[in-house]
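Enquirer: Let me give you the structure first, and then I'll get to my questions.
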Amino acid sequence: MTKTTMTVNGKTVSSETEGRTLLSSYLREGLGLTGTHIGCDTSQCGSCTVLLNGLQVKSCTVFAEDAAGAQVRTVEGMAEADGSLGTIQQAFQDHHGLQCGFCTPGMVMATAALLAVNARPTEAEIRHHLEGNICRCTGYHNIVRAVMAASGQHVAAIAAE
Amino acid sequence: MQNFELVKPASVADAVRALARDGAQALSGGQTLIPTMKQRLATPEVLVSLTGIGEMQGVCTGPGGLHIGGATPHAVVAREAARYYPALAALAGHIGDPAVRSRGTVGGSLANNDPSACYPAAALASDAVIVTDKRKIAVADYFQGLFTTALDEGEIITEVQFKIPEKAGYMKFDQPASRFALVGVFVAKHAGGVRVAVTGASENGVFRWHEAEAALDAGFSAARLSGLVAPSRGLIGDLHGTPAYRANLIAVLTKRAVMAAS
Amino acid sequence: MPKDGGIGASTVRREDIRFLTGKGRYTADINLRGQAYACFVRSNVAHGRINGIDTSVAQSMPGVLAVMTGADFAAMGGNPAGWLVQSRGGETMKEPKRPVLAHGKVRHVGDAYAVVVAETEDQARDAAEAIDADITELPAIINMDTAIADPSNRVHDKIENNVCFDWGWIEANRAAVDAAFHSAPHVTTLELVNNRLVPNAMEPRASIGDYDSGTGDYKLYTTSQNPHLSRLLIAAFVMGIPENKLTVIAPDVGGGFGSKIYHYGEEAAVLAAAKALNRPVKWVASRSESFLSDAHGRDHVTKIQLALDKDGTFLAVRTETKANVGAYLSNFATVTPTFLHGTLMAGPYKTPLVYVNVKAVFTNTAPVDAYRGAGRPEATYSLERVIDKAARELGLDPWELRRKNLITTDMFPYTTPVALVYDTGNYQATLDKLIELSDKAGFEGRAAQSLARGKWRGLGLSTWIEACGIAPSALVGALGARVGLYDAATVRVNATGNISVMVGAHSHGQGHETVFAQIVSDKLGIPASSIDIVHGDTSKIPFGMGSYGSRSLAVCGTAMTKAVDKIIAKGVKIAAHMLEAAESDIVFEDGKFSVTGTDKAKTFGEIAFSAYVPHNYPLETLEPGLEETAFYDPANFTYPAGAYSCEVEVDPETGKVTVEAFTCADDFGNVMNPMIVAGQVHGGVAQGIGQALLENTTYDENGQLLSGSYMDYAMPRADDLPMFTVDHSCITPCTHNPLGVKGCGEAGAIGSPPALVNAVIDALHRNGRTDVVHIDMPLTPSRVWSALN
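Residue numbers (numbering that gives the first Met the number 0), protein chains in the order written: chain A, 0 to 160; chain C, 0 to 261; chain L, 0 to 788.
Next up, the structure:
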């Protein structure tokens, strides 16, 4: 066992790891940050998406020790300082961009990564960006609307209900 | 997965030393290796992470064309190769999904040589040179069948040098589940001739479609390809497509890659 | 004007706050003090005889606490089928025992025959790999025709020909139907496959068993759509423990779509292991395990025939279906292809004669059970495809052919020839709405634009109807159901006026916490923020049958409404006493009990307080407290219906189909929260498009699941789907529940597959390929291209 330290949601944290400890396990079991979900074992579903040094990664496909010293952001770090929903989170609630909530943390983090590099994405750009995040509930319709809204664009411009 | 020791060398030399240990294996972006280890189909005892090696990162032009560090992630290639080699940048920008592109690397992709990966098509069509810690390998000698390459055990791809063609286009037809290439065709028009490289289709991995190259050498237009039938022998048949379907895709995508070439 | 709260308002969901901030609490997120971890050992062959299992190496490995095999559970009961179906000849279906762990034989790849419990998940997995099972492989029975034809090769040794039942609906009508076909001017025949699907809720199944050796109480945290049903099955049927000694908690559940209705052996195994070890035992499925062991959906092979007059009047429908039930009967496996399928074969049409035959067949594949829509998508697909084919054969417009045969509004209540009584509907209205919203008039122009880009555009439609809110208990009991199909709710008004509502329905994405609170708020005139909806815990809730079959609102919502009515009725009595008025003079409105014609009134809060602090209270005639429970058993099914269209582009060179537009015009009766209803339809349509275009569950001849991960099983992704147009403004309220609601959860998955396939066939026919009359789902590029070449 090694003590692995990194910065998660702005706080320096450390937890015991083995070589095989995945970043997702480090977050979930090591730190109790269970907002990061595990939906598959082939690195396809995106439920475990977090930001690693600002980049969108699947935390189930990164070893914790490879992320030592890095800046990690999870869904638990997306709210405002006063605890109220952040812009992306609020847009997801306002536009019913989630149902069962299981893929939602990954969707929120993927959206954060998209908006960091593309402040006003088109519908097609949003859909392309979200291809690594599977949702079984929403049909993506309201997720696309939520991302549009989170980027300050008029949701009505893309489609009626 | 089974446990192992993760080492994080800062230089190629340190990585080579670490890879000499028993049961050692290189870890680049891990986007294929980690899922494989979860299935316990790979059980290394030492994993040597290459992502922290500065000398293996980056995109620049050089005597070999476009030189890309072996540990450069796809997302960086997509961004930084765009002004030198747009077709290659576009290819990198459509590998996997954004998270895969954050981690997965050109060296990792070429070392793995998945028959459905995109980079092998680009490397073959670009007459690339694979630079390792101990030698340079011409691409013609590099690919040796499914998941097999000329790399020796413990040999690391430090850089890939892509010759920049006059025009190039890549067309990928997604396998609908994995989003790997069901078939991908990279067409590159070099001063010395056209190269057409096909991935996803063959049971022997990436290959050149010489008949199409000859036709396009006579004139670089899609019309030159009309009537040309791709060989269906040795093509993959699986639940996503028969060999005949893949042969059709090769022809259609080659035509479209030529039309899209810039 | 949109309302800003209460019934009919698009209130945003309160549960979203915890889901969006990472505070949802799914089973895998729960860790009990001292818990150990279970890993199941699963068969890698489809069919084999277990000669022996050597666990000795595994037993001695680091961290291993226990190894149990099928033999350890052999004395326990089987996991039963929920419905006993009678075959045509009157004999009862074959019901083989479904053990907790396979014993004697393994019957599908993924069939669990042992479990290892260890200190850590990795140790459990390491030891599971060290278990050495001596299994003699037997020929795999995969194809249903082969299964029926070969009397010697049997999934279950005592079931010859592998047939569970051979069901006719309605057998007495068969001769009349056959006669109608014999004399019909035109008969259209279509053979089709309703492809097997893997439900793929994004949260894999997980269970934690816990046992208190001091009290003898068991507790199970599990990914369930209906914790009470799981408790009943585990306690009374499988483990033989008193129901009052088992608590089942289904916390936040990450989607179900049917796959989490059922009790699975892993749940009993972790409970038994927890008792044996006297510590909690946790199991979380990997996605690979889910693919192999979750109940799959659909998997019908059907021949359907439609008899018509020359003018297109439907005369009769006849179907023969083989329904794959897999290796064991999952809990709803027998009702899904029968009473949820055959009874819907009239659709929304006036067809006077219908006969349905279904053979259920055992195979060496994962059990098949209800998946979103459950039987009704299969019925709708068969019917809507054969109607489309008939229209082409007769040269009739498929839109007008449907309209001509729809049941008209003057015919309700309408008794179908397959024994349902549709209470109300307006199928012409939804069809008209669809024509408007889909811009059918502009289609030719769009098709010309597509063709200019080398793409073939097609427009297809389907109508759909379903029977949901499955009930009434007396009827389903007569048909073979082993449970009642009512639901229950308790409304507990606290002394300070806030409210806890305990409901038997379970929310795993549907938004009950918000919508049910909207309804109670509306009825009681108090803010929704003072109302909590409690679900998913058998120790807190009176009873419930959970959520499936689009039943939550129509059945549990009604129970809740009736409990609220009882609260109001008691409040009237309290108010009459406090206000010194006759009960008949008290009116309850906007949260106030008033004496009619006066300004004398008591607020709801004052009444609640008085009920718990009964200083001025009619104690001689009325108990203190303000808590009411209602059970509701519906008088009939509800019958939501609608019409869907799909517009596709086909790339003739590659066979790739892209969905350009999808439009839904639905009648769900009264709508409680339009935002949530729209979301339910979006999700259902996405699953329907997934079935029609992408999802290809394939077993090879040896019974290996080729599409066993997201690398090969194509889930709909964001870039596979268009924006949807959905409408639910056509409303005929349900006549037999007080909210006038019908149910919307399954609609999208029922109506969409035939619309899509019809659209592709339309695209081919418009471009000269009239020789292609059918392509089986999923319409992958490879399949479409093969049909064209």
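Virtual Cβ for every residue (Gly too), placed ideally from N, Cα, C. From a predicted model like this one, the values you see are computed outputs, not experimental measurements.
Using a beta-carbon distance below 7 angstroms, is L:L19 in contact with chain A?
Expert: In the third sequence, the residue the question calls residue 19 of chain L occupies position 20. So, interface residue.
Enquirer: Taking the C-alpha atoms as reference points, what is the distance between A:E160 and L:G747?
Expert: By 1-based counting over the first sequence, the position of residue 160 of chain A is 161. By 1-based counting over the third sequence, the position of residue 747 of chain L is 748. With a pLDDT of 49 at A:E160, under the threshold of 50, the predicted position of this residue should be treated as unreliable, though the coordinate-derived value follows. So the alpha carbons of these two residues sit roughly 14 angstroms apart.
Enquirer: Bridge partners for C:R194 per DSSP, in chain order?
Expert: Start at 1 with the first residue of the second sequence, and residue 194 of chain C comes out as number 195. Answer by DSSP bridge pairing, in chain order: C:A187.
Enquirer: Give the residues of chain L in contact with C:S177, contact being defined as C-beta atoms less than 8 angstroms apart.
Expert: Reading the second sequence from its first residue, position 178 is the one you call residue 177 of chain C. Neighbours of C:S177 on chain L, chain order: Y709, M710, D711.
Enquirer: Select from the segment 688 to 703 of chain L all residues with a C-beta closer than 8 angstroms to any C-beta belonging to chain C, and list them in chain order.
Expert: So the list reads L693, N695, T697, given in the order they occur along the chain.
Enquirer: Are there three or more Cβ pairs, one per stretch, closer than 8 angstroms when the segment 632 to 641 of chain L is compared with the segment 691 to 710 of chain L?
Expert: In short, these stretches do not touch, since the Cβ pair count stays below three.
Enquirer: Look up L:L430 in the DSSP assignment and say whether it is helix, strand or coil.
Expert: For this step, residue 430 of chain L is matched to residue 431 along the third sequence. Helix at L:L430.
Enquirer: Given that a residue counts as buried once 16 or more other Cβ atoms are within 10 Å of its Cβ, and exposed if not, what is C:R39?
Expert: As a first step, residue 39 of chain C must be located in the second sequence, where it is residue number 40. Classification of C:R39: exposed, given that the 10 Å Cβ count is below 16.
Enquirer: Taking L:G167 as part of the beta strand (DSSP E), name the residues at either end of that continuous run.
Expert: Position 168 of the third sequence, counted from the start, is the residue given in the question as residue 167 of chain L. That run of the beta strand (DSSP E) goes 162 to 168.
Enquirer: Against A:G45, what residues of chain C qualify as contacts under a CB-to-CB distance less than 8 angstroms, listed in chain order?
Expert: Taking the first sequence and counting its residues from 1, the one referred to as residue 45 of chain A is at position 46. Within chain C, the residues near A:G45 are D96, A98.
Enquirer: Is L:W455 helix, strand or coil by DSSP?
Expert: Along the third sequence, read from residue 1 onward, the residue named residue 455 of chain L stands at position 456. L:W455: strand per DSSP, three-state reduction.
Enquirer: Quick one: using the 10 Å Cβ neighbour count with 16 as the cut-off for buried, is L:R384 buried or exposed?
Expert: As a position in the third sequence, residue 384 of chain L is number 385, starting the count at 1. With 16 or more other Cβ atoms within 10 Å, it is buried.
Enquirer: Please list the terminal residues of the continuous beta strand (DSSP E) segment that includes L:S593.
Expert: Position 594 of the third sequence holds residue 593 of chain L. Start and end: 591 to 594.
Enquirer: Note down, in chain order, every chain C residue with its Cβ under 7 angstroms from the Cβ of L:W784.
Expert: Working through the third sequence from its first residue, we reach residue 784 of chain L at position 785. The contacting residues are Y244, N247.
Enquirer: Runs of 3 residues minimum, wholly inside the segment 284 to 325 of chain L: which ones carry the beta strand (DSSP E) assignment?
Expert: The qualifying runs are 299 to 307, 313 to 325.
Enquirer: Here's the rule: buried if 16 or more other CB atoms are within 10 angstroms of the residue's CB, otherwise exposed. What is L:T135?
Expert: What you label residue 135 of chain L is simply residue 136 of the third sequence in a count that begins at 1. Counting Cβ neighbours within 10 Å, L:T135 comes out exposed, since fewer than 16 surround it.
Enquirer: With 8 angstroms as the C-beta to C-beta threshold (strictly closer), list the residues of the segment 17 to 37 of chain A near chain C in chain order.
Expert: Hits within the stretch, in order: E17, G18, R19, L21.
Enquirer: What's the gap between the Cα of A:L168 and the Cα of A:V71?
Expert: Since the first residue of chain A shown is 0 and the last is 160, residue 168 of chain A is not available in this structure.
Enquirer: How would you label L:M0, buried or exposed, when you count the other beta carbons within 10 angstroms and need 16 or more for buried?
Expert: Here residue 0 of chain L is taken as the residue at index 1 of the third sequence, counted from 1. Because L:M0 carries a pLDDT of 41, less than 50, the predicted location of this residue cannot be relied on, and no value is offered for it.
Enquirer: I want to see whether chain L comes within less than 7 angstroms of A:D40, judged by CB atoms only; does it?
Expert: As a position in the first sequence, residue 40 of chain A is number 41, starting the count at 1. Answer yes: the Cβ-Cβ gap between A:D40 and chain L drops below 7 angstroms somewhere.
Enquirer: Counting only Cβ pairs nearer than 7 angstroms, list the residues of chain C close to L:L705.
Expert: For this step, residue 705 of chain L is matched to residue 706 along the third sequence. Simply L238.
Enquirer: How far does the alpha helix (DSSP H) with L:A146 in it extend, from its first residue to its last?
Expert: Reading the third sequence from its first residue, position 147 is the one you call residue 146 of chain L. Taken as a continuous stretch (DSSP letters only), the alpha helix (DSSP H) holding L:A146 covers 143 to 148.
Enquirer: Could you say which of C:I136, C:K135, C:S201, C:A149 lies nearest to C:A120 if we only look at CA atoms?
Expert: Taking the second sequence and counting its residues from 1, the one referred to as residue 120 of chain C is at position 121. Ranking the options by Cα distance to C:A120, first place goes to C:S201.
Enquirer: Indicate whether at least one CB of chain L lies closer than 7 angstroms to the CB of C:V257.
Expert: Position 258 of the second sequence, counted from the start, is the residue given in the question as residue 257 of chain C. Output row for C:V257: interface = no.
Enquirer: Can you list the residues of chain C that L:S751 reaches, using a CB-CB cut of under 8 angstroms?
Expert: The residue you call residue 751 of chain L lines up with position 752 of the third sequence. Within 8 angstroms Cβ-Cβ: nothing; L:S751 doesn't reach chain C, min ~18 angstroms.
Enquirer: Are at least three pairs of beta-carbons, each pair with one atom in the segment 708 to 725 of chain L and one in the segment 421 to 428 of chain L, less than 8 angstroms apart?
Expert: No, because fewer than three Cβ pairs between the segment 708 to 725 of chain L and the segment 421 to 428 of chain L fall closer than 8 angstroms, the two stretches do not touch.
Enquirer: Among L:A440, L:A466, L:I406, which residue has its Cα nearest to the Cα of L:A373?
Expert: For the purposes of this step, residue 373 of chain L is identified with residue 374 of the third sequence, where counting begins at 1. Closest option to L:A373, Cα to Cα, is L:A466.
Enquirer: Name the DSSP bridge partner or partners of L:R41?
Expert: Along the third sequence, one-based indexing puts residue 41 of chain L at 42. L:R41 pairs with L:A111.
Enquirer: Would you mind sorting L:G33 into buried or exposed? The rule is 16 or more other CB atoms within 10 Å of its CB.
Expert: Position 34 of the third sequence, counted from the first residue, corresponds to residue 33 of chain L. Exposed, since its Cβ has fewer than 16 Cβ neighbours within 10 Å.
Enquirer: With distances taken between CB atoms, is the gap from C:L65 to C:Y84 smaller than 7 angstroms?
Expert: On the second sequence, residue 65 of chain C is found 66 positions in, with the first residue counted as 1. On the second sequence, residue 84 of chain C is found 85 positions in, with the first residue counted as 1. Result yes, Cβ atoms of C:L65 and C:Y84 sit closer than 7 angstroms.
Enquirer: Touching or not, the segment 360 to 374 of chain L and the segment 288 to 296 of chain L, by the rule of three or more beta carbon pairs under 8 angstroms?
Expert: A contact exists between the segment 360 to 374 of chain L and the segment 288 to 296 of chain L.
Enquirer: Does the Cβ of A:G53 have 16 or more other Cβ atoms within 10 Å, making it buried, or fewer, making it exposed?
Expert: For the purposes of this step, residue 53 of chain A is taken as residue 54 along the first sequence, with counting starting at 1. It counts as exposed.
Enquirer: Please determine, among A:G151, A:I142, A:Q152, the residue with the shortest C-alpha to C-alpha distance to L:Y685.
Expert: Your numbering for residue 685 of chain L matches position 686 in the third sequence. Checking the sequence shown, residue 685 of chain L turns out to be Ala, not Tyr. Comparing Cα positions, the closest option is A:I142.
Enquirer: Use the C-beta contact count for L:D761: other C-beta atoms within 10 angstroms, 16 or more gives buried, fewer gives exposed.
Expert: Looking up residue 761 of chain L in the third sequence gives position 762. Per the 10 Å Cβ criterion, buried.
Enquirer: Answer yes or no: does any C-beta atom of chain L fall closer than 7 angstroms to that of A:H140?
Expert: The residue given as residue 140 of chain A occupies position 141 in the first sequence. Yes, A:H140 counts as interfacial toward chain L.
Enquirer: So, is L:V490 buried or exposed, given that buried needs 16 or more other C-beta atoms within 10 angstroms?
Expert: Counting from 1 along the third sequence, the entry for residue 490 of chain L is found at position 491. So L:V490 ends up on the buried side.
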